[in-house]
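In my numbering, the protein residues as written are 21 to 92.
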């Protein structure tokens, strides 16, 4: 996330972790990813995913995944 997306105390821990790489304020993002794979950024969402953009994004993501499964 961008610094403007973070609130205290997460902003402080994200700044500290930034010395080691991209992070969400709690963990390094590299450690939370499984490669190869896909990342789906959801700007402005906290770790509880409280955002109105989540339901339509999940719908599109699940439709995409279902299409990948049928194709592959």
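The C-beta atom is built at its ideal place from N, Cα and C for all residues, glycine as well.
Just confirm the distance between the C-beta atoms of residue i and residue j, as a whole number of angstroms; I'd bet it's less than 8 Å.
i          : j          : result
residue 49 : residue 40 : Not confirmed; about 10 Å, so no contact.
residue 81 : residue 62 : That pair is no contact at about 10 Å.
Hey, quick one: how far does the alpha helix (DSSP H) through residue i stretch, first residue to last?
i          : result
residue 87 : 74 to 91
residue 36 : 30 to 37
residue 52 : 49 to 52
Among the residues of its own chain, which have a CB less than 7 Å from the CB of residue i, if the five just before and after it don't count?
i          : result
residue 43 : 34, 37, 49
residue 64 : 25, 71
residue 3  : As shown, the chain starts at 21 and ends at 92. That puts residue 3 outside it, with no answer to give.
How big is the Cα-Cα spacing for residue i and residue j?
i          : j          : result
residue 29 : residue 75 : 28 Å
residue 73 : residue 46 : 22 Å
Cβ of residue i within 7 Å of any heavy atom in the ligand GTP?
i          : result
residue 22 : The ligand GTP is not part of the structure shown, which contains no ligands of any sort.
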